[in-house]
Amino acid sequence: MSASVALIVTGRRGRIRRRSGAARAGATWARWLLLAPLAILAAGCATPRGAVLVAPTPPLVWPGGSEPPRIRYLGQIATEADLKAGVSLPHRLGSIFFGRKPARSLVTPYAVCTDDGDRLFVADSGSQTVQVFDLAARTYAQWRPTTLSKRFERPVGIACAPGADRLFVADALAGVVYAFDLRGRQISEIGRGVFARPTGLALSPRRQRLFVADTLAHQVVCLDLEGRVLSRLGQRGAGPGEFNYPTNVAIDSQDRLYVSDSLNFRVQQFSPDLHFLRQIGAKGDRPGGFGQPKGVAVDPQDHLYVVDSNFEAIQVFDAAGVLLLSFGREGRGPGEFWLPTGLCIDSRSQIWVADSYNRRVQVFTHLPESLP
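With the numbering used here applied, the sequence shown has no gaps in its numbers, which climb one by one up to 1749 at the end.
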């Protein structure tokens, strides 16, 4: 028998197949072709991490012109790929042979908060999840309740209490607020039968209080962190302390409460004991007026930031209700919005804005000593 022929016995009846030396050579070349990319990649290194937030050059700031800049654009987050985690060698090989797995992305980000560290939490009503971006660890996760459906119906409010190891999520259609620990495990369900439609959330860490805008009840409900109702504020109307579809709430460093009284086209401010203090803004398209106020947040200097979904902008007021500046306009570029909704401000004065129909969270900062 020729030396160039190998005998391989296969099958139940011992049939003999012959494979020529040429076939063996072809198989060897195929193996080398497969192994060549491995050798090349092994000689290299993993892709390094990139910067998460990338600001344009020159910087994008507000106000423009000759006035001192007060707000600066930092960047955006829209998908898990924006974490720029770097790619290890095994992952690079996997993407070569099996293709890249699509990056999970925001669908309709509605409300945002942080743990006052490096984690961003996004209540995404479109994906019916809480999307979690860890900017330090460069990891991504999705959180869901442990209900029978294993999903939210419409998550529209979110607030974090790092000291209490709690993340609260308002589900407007389910009519409840879910509490999670900061590892993503659902701890409890708050308010079933208490709320008509819970939306915006705010926490008072000092007093360990949770405030919930109950939009259809035209009230703000105050609870302890275990979910016990302590008080209710408001009724439907247009007078001081009355609401017409309130949507969002915020707490400042003095424990004053701000309520986005959306269809009264104003923000109301209350004392820590929930007495009415003042109205901020009114219906109109002039500076300081509102078309549809939604998200509200307060920075470390107690400046009030109000998202106007109708005007696609954010207006900034001092605690006395005096307008300081506004930024943003309609569009898809940096610093432009398409139906913005919620926002939060962390202790580093970073401003996180849910730019809902642009499917992203935009990040800004107010510059030190820039706002009076």
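C-beta atoms are modelled at their ideal positions from N, C-alpha and C, and glycine is treated no differently. All of these numbers come straight from a predicted model, not from anything done at the bench.
What is the C-beta distance between residue i and residue j, in whole angstroms, given that I count them as a contact (C-beta under 8 Å)?
{"i": "Asp-1662", "j": "Pro-1649", "result": "About 33 Å separates the two Cβ atoms, so there is no contact after all."}
{"i": "Asp-1495", "j": "Leu-1483", "result": "Not confirmed; about 18 Å, so no contact."}
{"i": "Ser-1608", "j": "Val-1683", "result": "Rounded, the Cβ-Cβ distance is 24 Å, inconsistent with contact."}
On a Cα-Cα basis, can you pick out the residue from the options that is closest to residue i?
{"i": "Gln-1505", "options": "Asp-1493, Thr-1523, Pro-1532, Tyr-1517", "result": "Pro-1532"}
{"i": "Glu-1603", "options": "Asn-1625, Ala-1556, Gly-1561", "result": "Ala-1556"}
{"i": "Ala-1573", "options": "Leu-1580, Arg-1562, Ala-1579, Ala-1549", "result": "Ala-1549"}
{"i": "Gly-1438", "options": "Val-1730, Gly-1712, Pro-1745, Ile-1722", "result": "According to the sequence shown, residue 1438 is Val rather than Gly. Looking at the Cα atoms, Gly-1712 is the closest of the given residues."}
{"i": "Asn-1735", "options": "Ala-1480, Ile-1728, Glu-1689", "result": "Glu-1689"}
{"i": "Leu-1330", "options": "Pro-1677, Pro-1479, Gln-1508", "result": "This structure does not reach residue 1330, given that the chain is present from 1378 up to 1749, and the question cannot be answered."}
{"i": "Asp-1493", "options": "Leu-1681, Leu-1525, Gln-1727", "result": "Gln-1727"}
{"i": "Val-1606", "options": "Glu-1619, Arg-1569, Pro-1623", "result": "Arg-1569"}
{"i": "Pro-1575", "options": "Arg-1562, Pro-1623, Ile-1691", "result": "Pro-1623"}
{"i": "Val-1730", "options": "Gly-1452, Gly-1442, Thr-1434", "result": "Gly-1452"}
{"i": "Gly-1503", "options": "Phe-1529, Pro-1479, Leu-1525", "result": "Phe-1529"}
{"i": "Arg-1560", "options": "Val-1507, Leu-1525, Ser-1443", "result": "Val-1507"}
{"i": "Ile-1691", "options": "Phe-1653, Leu-1654, Phe-1741", "result": "Phe-1741"}
Does the distance from the C-beta atom of residue i to that of residue j stay below 8 Å?
{"i": "Ala-1432", "j": "Tyr-1450", "result": "yes"}
{"i": "Ile-1567", "j": "Val-1554", "result": "yes"}
{"i": "Asp-1629", "j": "Val-1693", "result": "no"}
{"i": "Ala-1697", "j": "Asp-1679", "result": "no"}
{"i": "Pro-1436", "j": "Arg-1447", "result": "no"}
{"i": "Val-1571", "j": "Ile-1535", "result": "no"}
{"i": "Ser-1703", "j": "Pro-1670", "result": "no"}
{"i": "Gly-1577", "j": "Asn-1625", "result": "yes"}
{"i": "Ile-1454", "j": "Arg-1725", "result": "no"}
{"i": "Gly-1510", "j": "Leu-1460", "result": "Gly is not the amino acid found at residue 1510; the sequence shown has Phe there. Yes."}
{"i": "Arg-1685", "j": "Gly-1710", "result": "It should be noted that the sequence gives Asp, not Arg, for residue 1685. Contact: no."}
{"i": "Leu-1600", "j": "Val-1589", "result": "yes"}
{"i": "Tyr-1487", "j": "Gly-1705", "result": "no"}
{"i": "Asp-1723", "j": "Thr-1491", "result": "yes"}
{"i": "Leu-1701", "j": "Pro-1664", "result": "no"}
Note down, in chain order, each residue of its chain lying with its Cβ closer than 8 Å to the Cβ of residue i, except the 5 sequence neighbours on either side.
{"i": "Ala-1462", "result": "Arg-1426, Arg-1515, Thr-1516"}
{"i": "Gln-1656", "result": "Pro-1617, Arg-1643, Val-1644, Gln-1645, Gln-1646, Gly-1698"}
{"i": "Asn-1621", "result": "His-1595, Arg-1613, Gly-1614, Ala-1615, Asp-1638, Ser-1639, Leu-1640, Asn-1641"}
{"i": "Thr-1485", "result": "Asp-1501, Ser-1502, Gly-1503, Ser-1504, Ser-1733, Tyr-1734, Arg-1736"}
Quick one: residues in its chain with C-beta nearer than 7 Å to the C-beta of residue i, no 5 flanking neighbours on either side, listed in chain order?
{"i": "Gly-1666", "result": "Gly-1658, Ala-1659, Lys-1660"}
{"i": "Lys-1527", "result": "Arg-1521"}
{"i": "Ala-1513", "result": "Asp-1495"}
{"i": "Ala-1627", "result": "Ala-1579, Tyr-1635, Val-1673, Ala-1674, Val-1675"}
{"i": "Cys-1537", "result": "Cys-1490, Thr-1491, Asp-1492, Phe-1498, Leu-1544"}
{"i": "Ala-1420", "result": "Any reading at Ala-1420 needs caution, since the residue's pLDDT is 46, under 50, leaving its predicted position unreliable; the model's value is listed next. Same-chain partners within the cutoff: there are none."}
{"i": "Glu-1619", "result": "Gly-1611, Gln-1612, Arg-1613"}
Between residue i and the rest of its own chain, which residues show a CB-CB distance below 6 Å, the 5 nearest in sequence each way excluded?
{"i": "Asp-1558", "result": "Asp-1542, Ile-1564"}
{"i": "Asp-1732", "result": "Phe-1714, Pro-1717, Gln-1739"}
{"i": "Leu-1651", "result": "Leu-1610"}
{"i": "Arg-1481", "result": "Glu-1457"}
{"i": "Ala-1416", "result": "Annotation note: pLDDT 48 at Ala-1416 (below 50); position unreliable, coordinate value reported separately. Here the set comprises nothing."}
{"i": "Glu-1707", "result": "Glu-1689"}
{"i": "Asn-1687", "result": "Gly-1668, Gln-1669"}
{"i": "Ala-1518", "result": "Val-1509"}
{"i": "Cys-1721", "result": "Val-1489, Cys-1490, Ala-1674, Trp-1729"}
{"i": "Arg-1562", "result": "none"}
Cβ of residue i within 7 Å of any heavy atom in the ligand MN?
{"i": "Arg-1560", "result": "For the structure depicted, the ligand MN is absent and the ligand set is empty, with no information on it obtainable."}
Please confirm whether residue i has its beta-carbon closer than 8 Å to some beta-carbon of chain D.
{"i": "Pro-1649", "result": "Judged by its chain identifiers, the structure shown contains no chain D, having just a single protein chain."}
Exercise. Evaluate contact between the region 1540-1550 and the region 1570-1586, counting only Cβ atoms and requiring at least three cross-stretch pairs below 8 Å.
Key: yes
Quiz item: Are there three or more Cβ pairs, one per stretch, closer than 8 Å when the region 1613-1622 is compared with the region 1591-1601?
Solution: yes
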